[in-house]
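Residue numbers (our numbering): 118 to 259.
1. So is residue 190 buried or exposed if we call it buried at 16+ other beta carbons inside 10 Å?
2. Distance, Cα to Cα, residue 151 vs residue 246?
3. Taking its Cβ as the centre, do 16 or more other Cβ atoms sit within 10 Å of residue 163, making it buried, or is it exposed?
4. For the stretch 131-207, list the beta strand (DSSP E) runs that are entirely contained and at least 3 residues long, ordered along the chain.
5. Can you list, in chain order, the residues of its chain whose CB lies under 7 Å from that of residue 193, leaving out five sequence neighbours each side?
6. Going by the CB atoms, is the gap between residue 184 and residue 176 shorter than 8 Å?
7. Do residue 215 and residue 199 have their CB atoms nearer than 8 Å?
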């Protein structure tokens with residue numbers, strides 16, 4: 118690993134499964150290279166289905182378990198669940214404080230998150246996650 122390559126990475130996503138669908142190959146590569154990769158999932162994901170027969174709390178528990186299983190398969194160093202309200206993320210002190218806490222705990226050399234300004238998807242949780250993650254990490258950037 119070169120001096121400029123990050124050895125610790127924090128992946129910040131709004132929902133369970135967003136990291137796998139958006140950057141799964143990259144995350145797998147980093148883990149295979151021995152890098153410390155930690156995933157932060159911001160919401161509980163309890164609204165991520167069109168099947169209304171599933172109770173929100175059951176869906177949240179299932180998605181959390183699936184995330185942990187995926188993390189084990191990838192070889193992630195850890196997963197942090199913020200468990201904020203799905204489809205309700207806001208750019209507020211609570212969200213920012215929770216992300217800043219994770220950045221301080223894990224001290225990543227690289228933070229991977231969603232581009233808050235790209236129009237590929239109109240999902241408020243996605244744009245809020247990107248915006249708050251960038252604001253949270255900016256003060257410690259060299």
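All residues carry an ideal CB built from backbone N, CA and C; glycine is no exception. Note that this is a predicted model, so its numbers are computed, not measured.
Looking at the coordinates:
1. Numbered from its first residue, the chain shown carries residue 190 at position 73. That one is exposed.
2. Taking the first residue of the chain shown as position 1, residue 151 is located at position 34. Taking the first residue of the chain shown as position 1, residue 246 is located at position 129. Each residue's alpha carbon lies about 27 Å from the other.
3. Numbered from 1 along the chain shown, position 46 holds the residue referred to as residue 163. Buried, because 16 or more other Cβ atoms sit within 10 Å of the Cβ of residue 163.
4. Here the runs fully enclosed are 153-160 and 195-201.
5. For the purposes of this step, residue 193 is taken as the residue at position 76 of the chain shown. Excluding positions up to five away in sequence, the list reads 148, 154, 155 and 156.
6. As a position in the chain shown, residue 176 is number 59, starting the count at 1. As a position in the chain shown, residue 184 is number 67, starting the count at 1. The Cβ atoms of residue 176 and residue 184 do not sit closer than 8 Å to each other.
7. On the chain shown, residue 215 is found 98 positions in, with the first residue counted as 1. On the chain shown, residue 199 is found 82 positions in, with the first residue counted as 1. Against a cut-off of 8 Å, the Cβ pair of residue 199 and residue 215 comes out as a contact.
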